[in-house]
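Worksheet: the structure to be examined is printed underneath.
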Amino acid sequence: MATTAAVHPVDEIPPVRQLAAFGLQHVLAMYAGAVAVPLIVGGAMRLSPADLAYLITADLLVCGVATLIQCVGFWRFGVRLPIMQGCTFAAVSPMVLIGTTGGGLPAIYGSVIVAGLAIVLLAPVFGRLLRFFPPLVTGTVILIIGVSLLPVAGNWAAGGAGAKDFGAPRNLALAAFVLLVVLGVQRFAPPFLARVAVLTGIVVGLAVAVPFGFTDFGGVADADWVGISTPFHFGAPEFRVSAIVSMLVVALVTMTETTGDLIAVGELTGREVEPRSLADGLRADGLSTVLGGVFNTFPYTAYAQNVGLVGMTRVRSRWVVAAAGALLVLLGLLPKLGAVVAAVPAPVLGGAGLVMFGTVAASGLRTLARVDFRDNHNLTVVAVSVAVGMLPVGVPTVYAKFPDWFQTVMNSGISAGCLTAIVLNLLFNHVPGRKSEEAVPEQRLDSPAKPAGPNS
Numbered sequence: 003m004a005t006t007a008a009v010h011p012v013d014e015i016p017p018v019r020q021l022a023a024f025g026l027q028h029v030l031a032m033y034a035g036a037v038a039v040p041l042i043v044g045g046a047m048r049l050s051p052a053d054l055a056y057l058i059t060a061d062l063l064v065c066g067v068a069t070l071i072q073c074v075g076f077w078r079f080g081v082r083l084p085i086m087q088g089c090t091f092a093a094v095s096p097m098v099l100i101g102t103t104g105g106g107l108p109a110i111y112g113s114v115i116v117a118g119l120a121i122v123l124l125a126p127v128f129g130r131l132l133r134f135f136p137p138l139v140t141g142t143v144i145l146i147i148g149v150s151l152l153p154v155a156g157n158w159a160a161g162g163a164g165a166k167d168f169g170a171p172r173n174l175a176l177a178a179f180v181l182l183v184v185l186g187v188q189r190f191a192p193p194f195l196a197r198v199a200v201l202t203g204i205v206v207g208l209a210v211a212v213p214f215g216f217t218d219f220g221g222v223a224d225a226d227w228v229g230i231s232t233p234f235h236f237g238a239p240e241f242r243v244s245a246i247v248s249m250l251v252v253a254l255v256t257m258t259e260t261t262g263d264l265i266a267v268g269e270l271t272g273r274e275v276e277p278r279s280l281a282d283g284l285r286a287d288g289l290s291t292v293l294g295g296v297f298n299t300f301p302y303t304a305y306a307q308n309v310g311l312v313g314m315t316r317v318r319s320r321w322v323v324a325a326a327g328a329l330l331v332l333l334g335l336l337p338k339l340g341a342v343v344a345a346v347p348a349p350v351l352g353g354a355g356l357v358m359f360g361t362v363a364a365s366g367l368r369t370l371a372r373v374d375f376r377d378n379h380n381l382t383v384v385a386v387s388v389a390v391g392m393l394p395v396g397v398p399t400v401y402a403k404f405p406d407w408f409q410t411v412m413n414s415g416i417s418a419g420c421l422t423a424i425v426l427n428l429l430f431n432h433v434p435g436r437k438s439e440e441a442v443p444e445q446r447l448d449s450p451a452k453p454a455g456p457n458s
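Sequential numbering of the sequence shown, starting at 3, is according to our numbering.
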């Protein structure tokens with residue numbers, strides 16, 4: 003009698019109602035970050051409210067398309083894991099500089115298109131670098147990703163950066179209430195409800211926020227019902243050498259960050275990321291970035307916020323995140339729906355974010371638990387890498403006096419910590435030198451993601 007091969011949890015397709023609920027949960031987890039980049043760049047360039055609204059809807063549309071490419075995939079594009087895509091914050095400063103020094107949006111989009119093409123071409127090269135990411139490095143990077151995101155959740159919980167009532171007790175009380183709801187649902191609710199604990203917390207938090215005056219639905223009435231993003235809405239792209247060079251640096255940073263995120267999701271889902279699949283994921287990043295330049299938005303990368311949601315809910319299906327991508331496409335085509343989602347108060351997102359981002363950091367610790375720290379320098383590798391990664395998070399202006407290209411690389415705690423971990427792992431574990439007689443090399447470069455034994 004023929005037997006059907008078991009389907010990996012990543013490839014399972016949940017029922018439609020679960021797809022919708024799980025997908026909406028992912029959208030709410032990343033929505034604030036997704037719209038922040040166009041708001042910051044457009045605000046710095048003093049664009050009109052109509053142009054800002056256009057940037058946001060274009061961003062949501064391409065976010066959805068990019069997520070579908072990454073999760074569903076075609077040919078050699080897409081890692082086919084539950085990965086949400088969104089605009090990278092690493093590009094904000096260079097884009098503001100390009101846009102405000104005479105180049106405008108056309109110069110930004112020209113550099114974005116070139117950067118996307120460069121990522122597509124460099125993806126196979128990065129894929130071969132996977133051997134430099136043993137559990138010592140991946141665990142450290144995942145830990146840095148989680149810890150570096152916690153200030154984002156803290157800002158949300160306090161009311162959102164720049165809010166007039168930032169830090170008000172009522173904001174923190176609402177965030178704490180949402181956090182308690184999420185924890186309570188996870189602990190005591192039936193299995194299905196426990197898997198949408200974040201969504202439940204956000205819905206309950208929103209229900210409480212409305213009568214207490216936390217929400218403002220004024221933008222919903224002003225939003226259009228339908229909005230279509232057309233290619234090169236702001237004019238034909240301009241290709242300026244200085245803009246392209248700065249965006250190529252951003253491309254290298256986002257590729258490093260995406261590598262860490264893909265490895266993290268591979269760890270959480272039990273599907274090991276291999277050189278080929280890593281290259282496919284990075285290639286999808288590049289294609290999405292090219293689409294961003296064509297459809298009036300910005301460079302794209304994997305969103306670490308949603309990595310934590312995968313770990314917390316233990317819902318590993320890539321089709322759930324594909325459903326989230328479809329919802330983002332819908333929000334990009336129907337601005338009024340996007341305005342409804344945007345009305346969710348920042349403290350509500352903050353309460354949920356504390357759990358999600360903390361889960362990412364805890365996943366890094368779980369990976370590091372497989373590493374042998376006896377009679378070697380692995381503790382030093384982790385310690386210094388985390389310190390370097392947290393430096394720009396704790397002191398955002400620490401590199402303000404350095405050249406722009408240096409700031410682009412090092413102001414991202416994830417890329418700074420990742421590069422440090424790779425270099426220190428090579429220095430202490432693979433460069434010949436004086437070693438203790440009992441010391442055993444912690445990892446082999448040719449077996450990066452294999453489960454490590456007690457003495458590996």
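We put the beta carbon where it would ideally sit given N, CA and C, even for glycine.
Spatial neighbours of residue i in its chain, beta-carbon cut-off 8 Å, leaving aside the 5 residues before and after
i, result
"alanine 163", "Asn157"
"leucine 119", "Gly288, Val292"
"glycine 334", "Thr59, Ala60, Asp61, Leu62, Leu63, Val64, Cys65, Gly66, Gly229, Ser231, Gly340"
"tryptophan 227", "Leu336, Pro337, Lys338"
Contact set for residue i: own chain, Cβ-Cβ below 6 Å, skip 5 residues either direction
i, result
"phenylalanine 359", "Gly148, Leu151, Leu152, Ala155, Gly310"
"leucine 370", "Gly141"
"isoleucine 100", "Ala109, Ile110, Ala245"
"alanine 304", "Ile85, Thr260, Asp263"
"histidine 379", "Phe430"
With 16 other Cβ atoms within 10 Å as the buried cut-off, status of residue i
i, result
"phenylalanine 404", "exposed"
"serine 248", "buried"
"serine 50", "exposed"
"proline 398", "exposed"
"leucine 145", "buried"
"proline 137", "buried"
"arginine 318", "buried"
"phenylalanine 190", "exposed"
"leucine 21", "buried"
"leucine 123", "exposed"
"alanine 8", "exposed"
"proline 192", "exposed"
"glycine 215", "exposed"
"glycine 327", "buried"
"alanine 23", "buried"
"arginine 474", "Nothing about residue 474 can be reported from this structure: the residues present for the chain run from 3 to 458 only."
Within 8 Å, strictly: CB atoms of residue i and residue j
i, j, result
"proline 11", "leucine 176", "no"
"alanine 209", "threonine 217", "no"
"valine 362", "glycine 313", "yes"
"valine 64", "threonine 299", "yes"
"serine 387", "leucine 426", "yes"
"valine 411", "valine 255", "yes"
"glycine 229", "threonine 59", "yes"
"aspartate 13", "arginine 320", "yes"
"glycine 353", "valine 180", "yes"
"glutamine 27", "leucine 201", "yes"
"tyrosine 401", "threonine 90", "no"
"methionine 47", "threonine 102", "yes"
"glycine 44", "leucine 54", "yes"
"alanine 92", "glutamine 307", "no"
"valine 346", "isoleucine 115", "no"
"arginine 242", "glycine 105", "yes"
"leucine 41", "alanine 324", "no"
Straight-line gap, residue i to residue j (C-alpha atoms, nearest Å)
i, j, result
"isoleucine 265", "valine 275", "6 Å"
"glycine 237", "aspartate 61", "17 Å"
"glutamate 269", "tyrosine 33", "24 Å"
"phenylalanine 168", "leucine 174", "9 Å"
"alanine 199", "threonine 315", "8 Å"
"lysine 437", "arginine 376", "For lysine 437, the predicted structure reports a pLDDT of 49, less than 50, and the residue's modelled location is therefore unreliable. A value from the coordinates is still provided. Their backbone Cα atoms lie some 13 Å apart in a straight line."
"glycine 80", "alanine 286", "5 Å"
"isoleucine 15", "leucine 356", "28 Å"
"glutamine 87", "glycine 294", "12 Å"
"leucine 332", "leucine 428", "46 Å"
"valine 74", "leucine 329", "15 Å"
"glutamate 240", "isoleucine 121", "19 Å"
"arginine 278", "glycine 112", "29 Å"
"arginine 19", "alanine 160", "33 Å"
"valine 296", "phenylalanine 234", "6 Å"
Close-in-space but distant-in-sequence residues of the same chain around residue i (CB under 7 Å, 5 per side omitted)
i, result
"phenylalanine 128", "Met257, Thr261, Leu280, Ala281, Leu284"
"glycine 415", "Ile146, Ser150, Gly391, Met392, Pro394, Val395"
"valine 98", "Val43, Ala46"
"valine 251", "Trp407, Thr410, Val411"
CB contact below 8 Å: residue i versus chain B
i, result
"alanine 177", "In the structure shown, chain B cannot be found, because there is only a single protein chain."
Whole alpha helix (DSSP H) elements within the segment 358-430, 4-residue minimum: 380-396, 406-412
Contiguous beta strand (DSSP E) assignments of at least 3 residues, all confined to the segment 53-113: 87-89
Uninterrupted alpha helix (DSSP H) stretches inside the segment 238-295 (no shorter than 4 residues): 243-271
Alpha helix (DSSP H) segments (min. 4 residues) lying fully within the segment 188-239: 193-197, 199-211, 220-224
Unbroken stretches of the beta strand (DSSP E), 3 residues or longer, contained in the segment 299-327: 302-304
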